[in-house]
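Take 2 as the starting number for the sequence shown in our numbering and just add one per residue.
We put the beta carbon where it would ideally sit given N, CA and C, even for glycine.
Following: one structure in structure tokens, then a few remarks.
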Amino acid sequence: MHGLLTRSISLAAIVLTLVFYNSTLDSRAKSEEIAQLKAQAQAQQTENAQEGGGYADGTYSGTGQGFGGPISADVTVQDGKITAIDITSHDGEDGSYFSMAEQLTDDIIAAQSTDVDLISGATFSSTGIRDAVSDALEKAVQ
């Protein structure tokens, strides 16, 4: 009887481990798929803007999530091109990391796209800036 109970508990532990492992793999696969779809959408947005004559002129506001909270940016478009990016709010961001991440705005203007490398050492802050600019540019697509 004792042997049967031990085997049953062992079998249950194995089954639970396999179920947990499988759900972890599914979660990872979904996260990777979401990341790929976001990258494709961002590339398509940039391509559409370039093919369609660029962005509509104006100033657009967007928000992204940084390390310490939301980051807001105003993006100015003139003659269909990104001409200026002003970070309007970054409360909660660490000053030294954020100052490193701010150079991302120059990279975005130079590339005319948010498809640029993030700043190493300030990944969360630069991700927030990139996402805020992307959010603003979604409103500027003609």
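Thinking C-alpha only, which one of Ala36, Ser9, Phe125, Leu26 is nearest Ser97?
On the sequence shown, position 96 is the one that residue 97 refers to. Answer by Cα proximity: Phe125.
Nearest to Asp136 (by Cα), restricted to the options Gly69, Val20, Thr77
What you label residue 136 is simply residue 135 of the sequence shown in a count that begins at 1. If we check each option's Cα against that of Asp136, Thr77 comes out closest.
Counting only the same chain and skipping the five closest in sequence on each side, list residues whose C-beta sits under 7 Å from that of Thr89.
Within the sequence shown, the letter at position 88 stands for residue 89. Once the five neighbours on either side are set aside, the close Cβ partners of Thr89 are Ser73, Ala74, Asp75.
Bounding residues of the alpha helix (DSSP H) (the contiguous stretch that carries Ile110)
If you number the sequence shown from 1, residue 110 lands on position 109. 105 to 112 is the span of the alpha helix (DSSP H), which, as asked, contains Ile110.
Can you tell me whether Val134 is buried or exposed? The criterion is at least 16 other CB atoms within 10 Å of its CB, across all chains shown.
For the purposes of this step, residue 134 is taken as the residue at position 133 of the sequence shown. When all chains shown are included, Val134 counts as buried.
Please list the terminal residues of the continuous alpha helix (DSSP H) segment that includes Asp132.
Here residue 132 corresponds to residue number 131 of the sequence shown, with the count starting at 1. Taken as a continuous stretch (DSSP letters only), the alpha helix (DSSP H) holding Asp132 covers 124 to 139.
Taking Ser114 as the reference, which of Ser121, Thr106, Ile120 has the closest Cα?
Within the sequence shown, the letter at position 113 stands for residue 114. For the residues Ser121, Thr106, Ile120, the minimum Cα distance to Ser114 belongs to Thr106.
Suppose the cutoff is 6 Å on Cβ atoms and the five residues either side in sequence are ignored; what does the same chain contact list for Ile110 look like?
Here residue 110 is taken as the residue at index 109 of the sequence shown, counted from 1. Taken in chain order, the residues that qualify are Ile83.
Residue(s) in a DSSP beta bridge with Lys82:
If you number the sequence shown from 1, residue 82 lands on position 81. The partner list for Lys82 (beta bridge, DSSP) reads Gln79.
Local Cβ density within 10 Å of Arg131, reported as buried at 16 or more and exposed below that:
What you label residue 131 is simply residue 130 of the sequence shown in a count that begins at 1. Buried is the call here.
Between Ala85, Gln41, Pro71, Phe21, which has its C-alpha nearest Asp108's C-alpha?
Taking the sequence shown and counting its residues from 1, the one referred to as residue 108 is at position 107. Comparing Cα positions, the closest option is Ala85.
Contact check, Gly122 vs Asp92, beta carbons under 8 Å
Sequence index remark: in the sequence shown, residue 122 carries index 121 (1-based). Sequence index remark: in the sequence shown, residue 92 carries index 91 (1-based). Inclusion of Gly122 and Asp92 in the CB contact set at 8 Å is not warranted, their separation being larger than that value.
Provide the residue(s) that pair with Thr60 in DSSP beta bridges, ordered along the chain.
Against the sequence shown, residue 60 aligns to sequence position 59. For Thr60, which the question treats as bridged, DSSP gives the partners Thr77.
Could you tell me the distance, in whole angstroms, from the CA atom of Thr128 to the CA atom of Gln66?
The count along the sequence shown starts at 1 and reaches residue 128 at position 127. The count along the sequence shown starts at 1 and reaches residue 66 at position 65. If I take the Cα positions, the gap works out to 7 Å.
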